[in-house]
Structures are given as C-alpha cells and as structure tokens.
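Q: Position one of the sequence shown corresponds to residue 200 (this note's numbering), numbered consecutively onward. Ideal Cβ placement from N, Cα and C applies to all residues, glycine included. Keep in mind it's a predicted model, so treat the numbers as computed, not measured. Pasting a structure below so you can have a look.
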Amino acid sequence: MLIKNWLARYRAQWAGRPLLTSRRRPTAVPVARIERCEERTLLSATLVKDINPGKNYSSIGSDSLVIGNTLYFQANDGTTSYELWKSDGTTAGTVQVKDINPGANGSGPNQFINLNGTLYFVAWDGTHGSELWKSDGTSAGTVMVKDIYPGSEGGNITSLVLVGSHLYFSAWSGTGDYGIWKSDGTEAGTTVVKSFADVYDNQVAQSVIEVVELNGKALFSVRHTASQNGIWITDGTEAGTTLLSANGGQHTDADFGLTKVGNSVFFTRQVSPVFARHLWKTDGTVAGTVLVKADMPYISRGLDVNGKLIYLTLNDTLTVSDGTSAGTFSLSSSVPGFEKYFRDMVVFNNLLYFQDGTKLWKTDGTTAGTVIADPDVTLGNWPGYIGSQTIISSIRVAGGQLFFTAYDTIRGLELYRSNGLPGGSEIVADINPGSGTGVGSILSANSTSLFLSAGDPLTFGNELYKVPLVESVVNNAAPVLDPAGNPTLDSVVEETPAVNNPGTLVSTIVSRMTPGGITDPDSGAQIGIAIIGANQVTGAWQYSLNNGASWNYFGTTSLATSLLLAADASTRVRYLPNYNFAGSPGFTFVAWDRTTGAEGEKVPTTIRGGTTAFSLAAEDAFITVTNTQDAPFLNQFSTLKLPDLNEDTPSASNAGTLISTLITSYTSGTGITDPDPGAGKGIALVGIDQTNGLWQFSTNNGTSWTNVGSPGPTAALLLAADSNTRLRFLPNLNYFGSAGFNFFAWDQTAGTNG
Numbered sequence: 200m201l202i203k204n205w206l207a208r209y210r211a212q213w214a215g216r217p218l219l220t221s222r223r224r225p226t227a228v229p230v231a232r233i234e235r236c237e238e239r240t241l242l243s244a245t246l247v248k249d250i251n252p253g254k255n256y257s258s259i260g261s262d263s264l265v266i267g268n269t270l271y272f273q274a275n276d277g278t279t280s281y282e283l284w285k286s287d288g289t290t291a292g293t294v295q296v297k298d299i300n301p302g303a304n305g306s307g308p309n310q311f312i313n314l315n316g317t318l319y320f321v322a323w324d325g326t327h328g329s330e331l332w333k334s335d336g337t338s339a340g341t342v343m344v345k346d347i348y349p350g351s352e353g354g355n356i357t358s359l360v361l362v363g364s365h366l367y368f369s370a371w372s373g374t375g376d377y378g379i380w381k382s383d384g385t386e387a388g389t390t391v392v393k394s395f396a397d398v399y400d401n402q403v404a405q406s407v408i409e410v411v412e413l414n415g416k417a418l419f420s421v422r423h424t425a426s427q428n429g430i431w432i433t434d435g436t437e438a439g440t441t442l443l444s445a446n447g448g449q450h451t452d453a454d455f456g457l458t459k460v461g462n463s464v465f466f467t468r469q470v471s472p473v474f475a476r477h478l479w480k481t482d483g484t485v486a487g488t489v490l491v492k493a494d495m496p497y498i499s500r501g502l503d504v505n506g507k508l509i510y511l512t513l514n515d516t517l518t519v520s521d522g523t524s525a526g527t528f529s530l531s532s533s534v535p536g537f538e539k540y541f542r543d544m545v546v547f548n549n550l551l552y553f554q555d556g557t558k559l560w561k562t563d564g565t566t567a568g569t570v571i572a573d574p575d576v577t578l579g580n581w582p583g584y585i586g587s588q589t590i591i592s593s594i595r596v597a598g599g600q601l602f603f604t605a606y607d608t609i610r611g612l613e614l615y616r617s618n619g620l621p622g623g624s625e626i627v628a629d630i631n632p633g634s635g636t637g638v639g640s641i642l643s644a645n646s647t648s649l650f651l652s653a654g655d656p657l658t659f660g661n662e663l664y665k666v667p668l669v670e671s672v673v674n675n676a677a678p679v680l681d682p683a684g685n686p687t688l689d690s691v692v693e694e695t696p697a698v699n700n701p702g703t704l705v706s707t708i709v710s711r712m713t714p715g716g717i718t719d720p721d722s723g724a725q726i727g728i729a730i731i732g733a734n735q736v737t738g739a740w741q742y743s744l745n746n747g748a749s750w751n752y753f754g755t756t757s758l759a760t761s762l763l764l765a766a767d768a769s770t771r772v773r774y775l776p777n778y779n780f781a782g783s784p785g786f787t788f789v790a791w792d793r794t795t796g797a798e799g800e801k802v803p804t805t806i807r808g809g810t811t812a813f814s815l816a817a818e819d820a821f822i823t824v825t826n827t828q829d830a831p832f833l834n835q836f837s838t839l840k841l842p843d844l845n846e847d848t849p850s851a852s853n854a855g856t857l858i859s860t861l862i863t864s865y866t867s868g869t870g871i872t873d874p875d876p877g878a879g880k881g882i883a884l885v886g887i888d889q890t891n892g893l894w895q896f897s898t899n900n901g902t903s904w905t906n907v908g909s910p911g912p913t914a915a916l917l918l919a920a921d922s923n924t925r926l927r928f929l930p931n932l933n934y935f936g937s938a939g940f941n942f943f944a945w946d947q948t949a950g951t952n953g
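If you want it as structure tokens, here you go:
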C-alpha cells in the first residue's frame, strides 16, 4: 500500500467514507459533540519570585507556615543566607522580614507556630544562641521573646506546642536542668513550669523529650530517674504538674511517639533491660494511662483517622489501633501488595492516604478498607504519565484537594493532584521539562494558593512557586482548525543520520497551514496540536520538548491516545525513515489550545469542539523523504552469455539480442540489482573485442544499427534494458570462435541510451 493511501484509508475508516487516494482528504473524524457550554477550571504553577537570582541556586528552606493569607518561610537570597521571609503570593509582596543574624551565616528560623495571629519560631541571631522569637510580619516587630539561656549557647528549644493561649516547649536554662516551659508571647510570661535535672552518667541530655496538647493541658514525656521517668501532664503550674505513669528505673527507658487521637494520646514505651517496646495510651489521668498491647513497633509518625491511631513504624510497617489489644494489628502484614517503602501520609475525606513506593493507597483502618487509591498512578495510565518507575513522595491536602509529588524517569519529580478516586489523578505542571527535578517540596497553603519550593535549574534554580486553589473558572471555546492549507515538514534525505536530523518546529508546521490555519475565539489563547494518527510503517516519528536536546518516540497515537505538542520555540517533530525509503509519510492532528493537559501527554480527543481544548476538524502534515542515488550492484561471480551464432550468418538475418533479455538471463535476473525502488536497468560497455568481427547496437529494435566503436572507461556506451535496445556481433568471413565485451551495470539515472 502506498504511504499516502495509508493515511487516506485511516481517515476513511473514521469518516465511514470510501478510500481516497489523493493527497488532500476530508477532515471529518468521529467526535462526541458537546451540546451545551460547560465551565472548566484551569490549574498551573507559576513562579512567585526569583529570590536567589541565577540558575542552580536553591533559595527555599523546609520550614513554612501560613498565618491569615501570609506565607512565612525560610529563604536564602544569596547574601544573608537563610532568614525569615514572607509572601502574599505576589512578587512585590514577597520580601525578607528581617535579617536576624546579619552576615552570611543566617539565623535558620525553624519550628514555626501560630499563637494568636503572631508567628513564633526558633532562631539564632549570632549572639544569644538558639532562642524563642516572634514576628508580626515587620522587621521592627520581629524580636526575641526571651533569652532563656543567656549567652551564645541557646536554650535548645524543641517540641513547640500550642495549648490554649500559651506555647509549651522543652528548653534548657543553663542552670543544670531541662524543663517544661510555657510562654504567652511576652518575656515576663515566658517561664519554666517544672525543671528536671539533666545529668546522669556524667552526661548532659535532654530530659523533656516530646510535648503534645491533651484536653487543654500539656502532656509530655520525661527521660530521667526512677521517680521521674515517664509520662507527665501539666496545667501550666508546678503544683498542677503530675506524673501519670512512671517508666522503669533507668535513663535509657523512655516514652516516644506521642500522638493525639480523639481525647487520648498514644505512645510507645521503651523499657529495660531488653529495650522492649509496648503501645500505651492515656486520657490524661493516672487510671486512664494503660498498656494497649505489648511488643509493638515504635511510633514513627501517627495520625487520628476517625478515632483510630494509624501509624508508620521505623521498620517500614503500617499499624492500626482502636485502643484495645484485639483492635491493634499490622495493616502491612494483613493486606497483600505492600512494597513497605512508606514515606508520607495524610488524612483526606476521613480516610488515610499514604504512599508506599510506587503506589498511592488509602485506608479506613480496616483490612478490607485498605486499597490502592488510584491504580492508574501505579500502572502509568494517568494523564501526564510518560515515564516509568513512579515514586510518590510528599502528600498534602489543600483547598479540598490531595496534592503529592511523584517521580518518573522521563518527567522527573513534579507536582500532581488527585480527588482520591480511581482515574482521578493528574499532573499539575511540568515545572522543569525533562527528567530533572521540578518540585523540591510542598510548603504550605493559604486560602487561594498552594506554595511550593520548585524550579527550572536552567533558569531560576529552586525558588518560590504557587498553584491556585481557587481556580480560575473560564468558559473556554475550542480552537478552530481550517484544513485549507497543505502543511509540510522540512524535507529530509533518505538515510540521513539522526544526529543530522533536527526536525521541524511544531510552530513552523502550523505556520505552513496557510491558507488554512488555527484560530481561537478566546483572547490570548495558546496554540498546540494533538496528533491522532501517524504513518510509522516506513519509519519512526519522534518529538522533542527541549529543542532537540533529547527525543521521544510518538508511540501509538489515536483518538484514544492523542499526543499533545505545543506550538512554541522548543517543541519539534522529526521523521526517521527506514533504510532506502523515499516517499511522503505524514501524521494527522487536531488543534489543541493547551488549556488542559501538558505537552508530551497522551489524552483522549474523542470529545472535541464546544468548550473542549480540541478542534472538531483535523489536518494532515507530510514530510518529503528524498531519494539519494544508490549505485546498482553487478554480480561479478556469474558469466553473461549471448545466444550462439552460425558463422557467415548474413547481417539481415542477425537480429541480435535485447539488452533486457541479456540482463534477465543473467543469473535468472539477479545479476544486476539496485537498492533504489523502481530503478532502471542497463549496461555501460567499457571494453570490447572486435578482432574477429564487428559489434553493433540498435535503439529502435533492429530497424537501424550503429557500430559500437571503441568504448572505454572514459567513454562508455550506455545501453538500456528496454524493449528496443539490442546488441549484435557480425563475425568476419569464415570466423568461428568467441567474442566478448566488458561492462558495468547502469541504472539510467545519468546519461542517455546509445
């Protein structure tokens, strides 16, 4: 089948019409039409500010918090190192709050927490050590709350927790003890509630380990002596600070992993002498502090899921507990399919969503209710997936949506979102096209935006980005494609090495659609194409998203798997023809306005027109693969023999032999071959024996004859293998014997017969 006919047949099958063989074809393709206008939302990631100018520079730290609609975060502008910054989501509103530690070292603000609309955090100003600070978002209003441990050592503040109108935390005053502290945000109101000596075995160590809020009080764990080691609770006074449950008698015994679930706190109790670990819980009373189940793994991170504790362990297991021994079990041992490579988890729509290697799971805390949330994420069928080896990392909930970062070997690490249901996952934006990392981490969200540490290392480095949560709602109108033109790609010569084949910009192909083209009724609309079919029988089609730096194969393209390509300065298409192929292969496309999907994705385009991103009409683009001249091949291991001739045969009776007959009889027609399709055949006489006779040729089937003369390598006689060209030998009188000639194969692409 001819190449042009392939596309025609492909099109005719769609339209239900007879096969057409002309280059131009009807553009009707099957489509499910939209009968009414539908509103559609847009989502994208945009750079907020290039804080540390220059590529390959990382400016955003890991700590962040939103208070009101203001994002507070760590940032390094390249001069002051990591300091406190804030952003309202605009470039102008993204500024450094204060250079707390002037110079190149930075203050490293961390442990951000909100108390009555004011940001509290821990920072080091270079003089007072690491202490408690607060900020109202202004430089003047960013001050140290109290120098808990005077001097350069700092109070080593940890476990900042909000309890009512106070902050509770663990700190060291430098007087020889750690303690549980509280603060109302003033220097005078920042006091120690109870101290615990921190020296044992001649070592200084933190006595107060973890702090959580429980029923309006601060619950905390202490690692100390037999009389003080265990779980404590305080109402903010020393008299109201009591030991709920003692833990052993050695300083190596401790209670870890304090996790609030409803009106209880679960924790792991480690006891000597064998460092056994047991799951406990407390309701804040002595009687209510009880063992749940012995010999349970350590709580690494736990969450409250509908009144149940579900937690990750240090040995990569997932455990659930309803507070009873019978209701405490390992989910990862009960449910098949876990890779046991857990990283993050979050509660979304009253279910726990978590990642396990390449899978996104969800659970209600039961074995039956623990399932893969979206199989498409794992299988690679989701919109935006173009690589392999998906690895999901951080997961966050913002604006009623589930966001997560995922890595694959083609797109790298980027941001995705999901509604938590099968088929409900999609890429938000490919911030760094290619296999490099686009998203560093998910930060925090305000009422309108999710903030990210992300970037394109070729331009910005790792900077502050945002994704809209209140998405812009638009009444989109589909692009309009006029197929009146005849778009082409830059031609390519057969057998051109791939390294010398730069392809053609998609934008150039679109510009060559004149007098047709692509238009869009929406103001400021972008242009792209969705490839719905391609001839790949005689070669391979490839595309590049980075102006030819790397290439990807089209793969299968159809109405169900249409390839999206932007008409921009970086997206190219090329054709790699098979060996010795020359012709005009092509592909079929519809217009794409780039309001949904991302370039390089494969998406369905069955529904087009109306408010969709795709045009109703389609167009074909062709490329000309030009032929290069390949020399014919002559089989030298065979002998060509003309029919025998009787001596003294009159010339009138000597009709000679057709050159075509000679070649056909030459090794059964295989004596001369040519790699070029449809190549002509013939011979070039370069030497001849005329000692015993005369050689003649005819180009009119014997009507007239011409002496061969004296052909040679510089003056070869060309004779075509056709129905009129003959060669004969006229022997001298009474001569019998043999006569011959030397020749090359001739493909008739140069020179003239005779």
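Assess, as a yes-or-no matter, whether the stretch 682-694 is touched by the stretch 739-749 under the definition of 3 or more beta carbon pairs within less than 8 angstroms.
A: No, because fewer than three Cβ pairs between the stretch 739-749 and the stretch 682-694 fall closer than 8 angstroms, the two stretches do not touch.
Q: Only counting the same chain, and skipping five residues up and downstream in sequence, which positions put a Cβ closer than 7 angstroms to that of N891?
A: P930, N931, Y934, G936, A938
Q: Can you tell me which of the three DSSP states Q705 falls into?
A: The sequence shown places Val at residue 705, rather than the Gln named in the question. Helix.
Q: Alpha carbon to alpha carbon, how far is P225 from L918?
A: Any reading at P225 is ruled out, since the residue's pLDDT is 35, under 50, leaving its predicted position unreliable.
Q: State yes or no: is the C-beta of D454 within less than 7 angstroms of the C-beta of N446?
A: yes
Q: Given a threshold of 16 other Cβ atoms within 10 Å of its Cβ, counted over all protein chains shown, does T389 qualify as buried or as exposed?
A: buried
Q: According to the Cβ coordinates, are V491 and L511 closer than 7 angstroms?
A: One thing to note: V491 has its Cβ no nearer than 7 angstroms to the Cβ of L511.
Q: Once the 5 residues before and after S532 are set aside, which same chain residues still bring their CB inside 8 angstroms of it?
A: T516
Q: Comparing C-alpha positions only, which one of P496, N462, A883, I312 sits nearest to D482?
A: Nearest option by C-alpha distance: N462.
Q: Look up T220 in the DSSP assignment and say whether it is helix, strand or coil.
A: For T220, the predicted structure reports a pLDDT of 29, less than 50, and the residue's modelled location is therefore unreliable. A value from the coordinates is still provided. It is coil, neither helix nor strand.
Q: If contacts are defined as beta-carbon pairs under 8 angstroms, then P489 and L418 qualify, I think. What distance do you get, rounded to the angstrom?
A: Residue identity differs from the one stated: residue 489 is Val in this sequence, not Pro. With a Cβ gap of about 15 angstroms, V489 and L418 do not count as contacting.
Q: Does DSSP put L957 in a helix, in a strand, or in coil?
A: Outside the shown range of the chain, which is 200 to 953, sits residue 957, and nothing can be said about it.
Q: Classify K860 as helix, strand or coil using the three-state DSSP reduction.
A: Inspection of the sequence shows that residue 860 is occupied by Thr rather than by Lys. In the structure shown, T860 sits in a helix (DSSP, three-state: H, G or I).
Q: Mind checking T951: buried by the 16 CB within 10 Å criterion, or exposed?
A: exposed
Q: For P701, which of V709, S749, T755, S710 has the nearest alpha-carbon?
A: S749
Q: So what's A797 in DSSP terms, helix, strand or just coil?
A: coil
Q: Using the rule of at least 16 other Cβ atoms within 10 Å of the residue's Cβ for burial, across every protein chain shown, is A244 buried or exposed?
A: Buried: at least 16 other Cβ atoms inside 10 Å.
Q: Kindly list the residues whose CB is nearer than 6 angstroms to the CB of D400, restricted to its own chain and excluding five residues on each side of it in sequence; keep chain order.
A: At D400 the pLDDT is 45, less than 50, meaning the model places this residue with poor confidence and gives no usable figure here.
Q: Indicate the three-state DSSP secondary structure (helix, strand or coil) for A306 in the structure shown.
A: Going by the sequence as given, residue 306 is Ser instead of Ala. It is coil, neither helix nor strand.
Q: According to DSSP, N751 sits in a beta bridge with which residue or residues?
A: In the DSSP output, where bridge partners are listed per residue, N751 has Y742.
Q: Can you say whether T898 is buried or exposed, counting buried as having 16 or more other CB atoms within 10 angstroms of its CB?
A: buried
Q: In three-state terms, what does DSSP make of A493?
A: coil
Q: Throw me the rounded Cβ distance for the T810 and I731 pair, which I believe falls under 8 angstroms.
A: Between I731 and T810 the Cβ distance is about 19 angstroms, and since that is not below 8 angstroms, they are no contact.
Q: DSSP three-state call for N674: helix, strand or coil?
A: Reduced to three states, the DSSP call for N674 is coil.
Q: Would you report the Cα separation of P720 and N675, rounded to the nearest angstrom?
A: 9 angstroms
Q: When you compare the CB positions of E282 and S306, do they come within less than 7 angstroms of one another, or not?
A: yes
Q: In whole angstroms, give me the CA-to-CA distance for L642 and D681.
A: 45 angstroms
Q: Please work out which residues of its chain come closer than 6 angstroms, Cβ to Cβ, to D1012, disregarding the five sequence neighbours upstream and downstream, and give them in chain order.
A: Any answer about residue 1012 is impossible in this case: the structure gives the chain only from 200 up to 953.
Q: Among A820, T823, W791, which has the Cα closest to the Cα of S814?
A: W791
Q: When DSSP builds the beta bridges, which residues end up paired with R500?
A: L511
Q: Based on Cα-Cα distance, which residue from A729, V460, A733 lies nearest to L762?
A: A729
Q: Helix, strand or coil for A567, going by three-state DSSP, please let me know.
A: The three-state secondary structure of A567, taken from DSSP, is coil.
Q: For the candidate residues G881, G288, V545, whose alpha-carbon lies nearest to that of N268?
A: Per the Cα distances, G288.
Q: Spatial neighbours of K248 within its chain, please: C-beta separation below 8 angstroms, excluding the five flanking residues on both sides.
A: S286, T290, T293, E662, L663
Q: I'd like the span of the beta strand (DSSP E) that includes L246, first residue to last.
A: 245-248
Q: Closest to A768 by CA distance: which of V627, S420, V705, V709 is it?
A: Minimum Cα distance to A768 is reached at V705.
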